[in-house]
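The block underneath contains the structure these notes are about, expressed in structure tokens.
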Amino acid sequence: MAAPIASCAVNLKLSHKHYCALLKREKRRTKRQEAARCRSTGVVQAESETEGTSDEELRRKNEEDERLRLHEEWLRREEEAQEAFQLKQKREEEGRLRQEAAERRIREEIAKQEEREREQSEQAHREREEAVKRLLELNDKPEEESWANPEAPEDYGTERDRQHCPFFLKTGSCRFGN
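Going left to right, the sequence shown walks through residues 1 to 178 as full-length UniProt numbering numbers them.
Written out as structure tokens, the structure is:
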């Protein structure tokens, strides 16, 4: 019955003056409707009784309807906000899981790379050790095969002669021994 007041008051921000004018208009309308109902049913009530009771009840009912409407609107907005929040939380969780998976893959790749590098360094170390062993084995062989300078040929006599040997003249010792 009094829905137009509630909808007008909520949808538009009316000044107090306009609101009171609208309320008076609504009261007059309800009085006329009540009088018409009474005429159609044949019941005649005192004007003062209907005026006081119906206006106050109408105002209370309008206020209660308005409160209920506002409360339902608030509940709807709250539900939408909760859904949006849950959706946001779900997206953040998915993003976090994707990031963790990417970090895990990166860590695994780094571990594999470090393992490869360690294996390569171990392989290089083993190869160096083998090369050193081979060199040591070569040094352990008899003197003919060692790294020492070869003997001078027999027909070339200047180096075996201490007085004319250039090495002996420089160092004071002979590389061929005594």
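Every residue, glycine too, gets a C-beta built ideally from N, C-alpha and C.
Residue range of the unbroken alpha helix (DSSP H) whose run includes Cys165:
Where Cys165 is concerned, there is no enclosing alpha helix (DSSP H), given that its DSSP letter is neither H nor E.
How far does the alpha helix (DSSP H) with Lys27 in it extend, from its first residue to its last?
16–41
In angstroms, rounded to a whole number, what distance separates the CA positions of Ser48 and Glu79?
Caution is warranted here: a pLDDT of 46 is assigned to Ser48, below 50, making its placement in the model unreliable, and the coordinate value is therefore given only provisionally. Spanning the two alpha carbons is a distance of roughly 46 Å.
With 16 other Cβ atoms within 10 Å as the buried cut-off, status of Asp155:
Low confidence applies to Asp155: its pLDDT is 49, below 50, so where it sits in the model is not reliable enough to give any reading.
Closer than 6 Å to a non-hydrogen atom of the ligand ATP - does that hold for the CB of Arg29?
The ligand ATP is not among the ligands present in this structure, which contains no ligands whatsoever.
Is the beta carbon of Lys27 less than 7 Å from the beta carbon of Asp55?
yes
Could you have a look at Lys88 and say whether DSSP puts it in helix, strand or coil?
helix
With DSSP collapsed to three states, give me the class of Lys170.
helix
Determine the burial state of Thr30: buried for a count of at least 16 other Cβ atoms within 10 Å of its Cβ, exposed for fewer.
buried
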